[in-house]
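**Student:** Here it is, the structure in full.
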Amino acid sequence: MTEAVALRGLEEFQEISDVSDATHEYTVAWFDSFGGRNARGIFFRGNHAAIAARAKKRRALRLPLAPFAPLLNPLSVRAFNAAYYRASQHRQPHAQHYDPFFYPLDAIANWNVAYGRRGFVQYQCVIPIAAGVEPLAEILDRTARSRMASFLTVIKKFADVESPGILSFPRPGTTLCLDFAAKSAALLPMRETFDAIVAAAGPYALQRLQALRRVVETFRERPDLPAVLKGPMPAALKSLKGLTQMGGDSGAYRMLLFAGDHPVLPVNAAVERTARRLGYGAGGARDFRQSAQNVRDAVARELPATSAAHRTAYVYLAHHGVTICKQADPECPICPLKAECPGRKAIVAGVGGA
Ligand code: SF4
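Counting from -4, one number per residue, gives the positions in the sequence shown under our numbering.
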């Protein structure tokens, strides 16, 4: 069973990926390389189907001739990205054959000829989680500014599993993969810049220490930060969003709630899903950020405006979302909320509730 969720930017990728790690066996995201760090993207996730799924294996197309010039230029890649983004969203889990899920490029049997006679160059790196999103954001920004279209821009998380392979290099972290047609002299200096960014992220053993140091330094450099956090919320939120180690909106809202004592609901993917299934802020959101805000607004209408009430709501919703109300196979039969949950009917009927 697979689904494809629209997202925007690396921080949203991190949030969806963090939650999906607990609920899905396979995850990967595609990004539009022209958008830099805030690019639109699609997060694909899947589990083996518990039921016999009748998804058909596809038949691959074939490009007629090996062209002299690459078919993949900035114009055609832009058009492809727009069409792919529109066509790939399937928020509801659906049965899919493993072949197109694991090998989407093989929809075209000889896809490599689209790069022209000189082929393509692939740049792949892995950045430790503790380094935050900034190194990858910098690489994505530079790719977008270069206007050298990366036809396939893929981001995924590597888990802490040792590979038995000789050439594979997975290690805990976030990996980025970019494919460029091998036609521009600017590729080499760009690769060197990317290498420098990856090297600056530092050796793995030092990453956690560096992250901790950054937090300490931030608070040392900003002695006003504790007071700002407890002050008016718009200013506090603005300050927090400027900190690279914050890790997205839900990290900033967690700080506002737990350190700043503001009555706000942090909404990560588990909270968003659970609240939406329970009928809070359901429907009509164009992306995760909008859906999170809908949930925040709907919950705020019913909760007392105290930080204690919001802390309790956050802890219960987040815990329920990763233990019972999971993305794949929510445990509705044993859920204590099943009698009052509007999302349950859709899940049982297999028509919604993603
Ligand atoms: S009944 Fe099902 S969908 Fe509703 S909250 Fe419980 S687990 Fe989630």
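Note that CB positions come from ideal geometry on N, CA and C, so glycine has one too.
Computed from a predicted structure; not experimentally measured.
Here's a check: name, in chain order, each residue in its chain whose Cβ is nearer than 8 Å to the Cβ of A195, leaving out the five neighbours to either side.
**Tutor:** Here the question's residue 195 lines up with position 200 in the sequence shown. Contacts found: P130.
**Student:** For ligand 1, which residues count as neighbours when the test is a C-beta closer than 7 Å to any heavy atom?
**Tutor:** Output, sorted by chain position: T269, R272, L273, H315, I319, C320, P325, E326, C327, C330, L332, K333, C336, G338, R339, I342, G348.
**Student:** Spatial neighbours of A(-1) within its chain, please: CB distance less than 6 Å, with the 5 preceding and 5 following residues excluded, ordered by chain position.
**Tutor:** The residue given as residue -1 occupies position 4 in the sequence shown. Same-chain partners within the cutoff: I37, F39, S83, Q84, H85.
**Student:** To the nearest whole angstrom, what separates the beta carbons of I150 and A24, a pair I think is in contact under 8 Å?
**Tutor:** Residue numbering aside, residue 150 sits at position 155 when the sequence shown is read from its first letter. Residue numbering aside, residue 24 sits at position 29 when the sequence shown is read from its first letter. Between A24 and I150 the Cβ distance is about 5 Å, and since that is below 8 Å, they are a contact.
**Student:** Mind checking which residues open and close the alpha helix (DSSP H) that includes Q322?
**Tutor:** The residue labelled residue 322 in the question sits at position 327 within the sequence shown. Counting along the chain, Q322 falls outside any alpha helix (DSSP H), and DSSP gives it neither H nor E.
**Student:** Can you name, in chain order, every residue of its own chain whose Cβ lies under 6 Å from the Cβ of A300, other than the five neighbours on each side?
**Tutor:** Residue mapping note: residue 300 aligns to position 305 of the sequence shown, counting from 1. Same-chain partners within the cutoff: P258.
**Student:** Mind checking which residues open and close the beta strand (DSSP E) that includes S145?
**Tutor:** Taking the first residue of the sequence shown as position 1, residue 145 is located at position 150. Taken as a continuous stretch (DSSP letters only), the beta strand (DSSP E) holding S145 covers 145 to 153.
**Student:** S179: buried (16+ other C-beta within 10 angstroms of its C-beta) or exposed?
**Tutor:** As a working note, residue 179 is residue 184 in the sequence shown. Exposed: under 16 other Cβ atoms inside 10 Å.
**Student:** Just checking my contact of S28 with T148 at CB under 8 Å: how many whole Å lie between their CB atoms?
**Tutor:** Here residue 28 refers to the residue found at position 33 of the sequence shown. Here residue 148 refers to the residue found at position 153 of the sequence shown. A Cβ-Cβ distance of about 4 Å is found for the pair S28 and T148, placing them in contact under the 8 Å criterion.
**Student:** For Y98, report the span of its beta strand (DSSP E) as first-last.
**Tutor:** If you number the sequence shown from 1, residue 98 lands on position 103. Y98 -> no beta strand (DSSP E), and no H or E assigned at all.
**Student:** Return the residue from the list I192, L183, D155 that minimises the CA-CA distance to L171.
**Tutor:** Looking up residue 171 in the sequence shown gives position 176. Looking at the Cα atoms, I192 is the closest of the given residues.
**Student:** What does the alpha-carbon distance come out to for the pair L135 and K333?
**Tutor:** Here residue 135 corresponds to residue number 140 of the sequence shown, with the count starting at 1. Here residue 333 corresponds to residue number 338 of the sequence shown, with the count starting at 1. If I take the Cα positions, the gap works out to 43 Å.
**Student:** Would you mind sorting Y309 into buried or exposed? The rule is 16 or more other CB atoms within 10 Å of its CB.
**Tutor:** Working through the sequence shown from its first residue, we reach residue 309 at position 314. With 16 or more Cβ atoms within 10 Å of its Cβ, Y309 is classed as buried.
**Student:** Given a cut-off of 8 Å, decide if E6 and F283 are closer than it, judged by their beta-carbon atoms.
**Tutor:** Against the sequence shown, residue 283 aligns to sequence position 288. Against the sequence shown, residue 6 aligns to sequence position 11. No; because the gap between Cβ atoms is not below 8 Å, this pair is not in contact.
**Student:** Return helix, strand or coil for Q91, following the three-state DSSP convention.
**Tutor:** The residue labelled residue 91 in the question sits at position 96 within the sequence shown. Reduced to three states, the DSSP call for Q91 is coil.
**Student:** In the DSSP assignment, find the alpha helix (DSSP H) that holds L224 and state where it starts and stops.
**Tutor:** Here residue 224 refers to the residue found at position 229 of the sequence shown. Run containing L224: 220 to 225, per the alpha helix (DSSP H) assignment.
**Student:** Give a yes or no on whether the C-beta atoms belonging to N33 and G4 are separated by under 8 Å.
**Tutor:** Locating residue 33 in the sequence shown gives position 38, counting from the first residue. Locating residue 4 in the sequence shown gives position 9, counting from the first residue. Taking 8 Å as the Cβ cut-off, N33 and G4 qualify as a contacting pair.
**Student:** Hey, quick one: how far does the alpha helix (DSSP H) through E129 stretch, first residue to last?
**Tutor:** Against the sequence shown, residue 129 aligns to sequence position 134. 129 to 141 is the extent of the alpha helix (DSSP H) around E129.
**Student:** Would a C-beta distance cut-off of 8 Å place N263 and S286 closer than the cut-off?
**Tutor:** Here residue 263 refers to the residue found at position 268 of the sequence shown. Here residue 286 refers to the residue found at position 291 of the sequence shown. Taking 8 Å as the Cβ cut-off, N263 and S286 do not qualify as a contacting pair.
**Student:** Whose C-beta lies closer than 6 Å to the C-beta of H274 among residues of the same chain, with five residues either side of it excluded?
**Tutor:** Against the sequence shown, residue 274 aligns to sequence position 279. Per the sequence shown, residue 274 should be read as Gly rather than His. Excluding the 5 residues flanking it on each side, G274 has same chain C-beta neighbours closer than 6 Å at P337, in chain order.
**Student:** Pick out whichever of G276, L224, L238, G279 has its Cα sitting closest to the Cα of A256.
**Tutor:** Taking the sequence shown and counting its residues from 1, the one referred to as residue 256 is at position 261. According to the sequence displayed, residue 256 carries Asp and not Ala. The option with the nearest alpha carbon to D256 is L224.
**Student:** Just the Cα atoms here: how many angstroms apart are H305 and L252?
**Tutor:** The count along the sequence shown starts at 1 and reaches residue 305 at position 310. The count along the sequence shown starts at 1 and reaches residue 252 at position 257. If you draw a straight line from the Cα of H305 to the Cα of L252, it is about 8 Å long.
**Student:** Alpha carbon to alpha carbon, how far is R291 from C320? Give it in angstroms, no decimals.
**Tutor:** Locating residue 320 in the sequence shown gives position 325, counting from the first residue. Locating residue 291 in the sequence shown gives position 296, counting from the first residue. Those two C-alpha atoms are separated by around 18 Å.
**Student:** Pull up the DSSP beta-bridge partners for A1, would you.
**Tutor:** To locate residue 1, count along the sequence shown from 1; it is residue 6. Answer by DSSP bridge pairing, in chain order: I37.
**Student:** What are the residues that DSSP puts in a beta bridge with A24?
**Tutor:** Counted from its first residue, the sequence shown places residue 24 at position 29. Bridge partners of A24: F38, I150.
**Student:** Whole angstroms are fine: how far does the CA of V294 sit from the CA of E20?
**Tutor:** Your numbering for residue 20 matches position 25 in the sequence shown. Your numbering for residue 294 matches position 299 in the sequence shown. E20 and V294: Cα-Cα distance of roughly 31 Å.
**Student:** Would you decide whether G114 is buried or exposed? Buried here means 16 or more other CB atoms lie within 10 Å of its CB.
**Tutor:** Position 119 of the sequence shown, counted from the start, is the residue given in the question as residue 114. Result: exposed.
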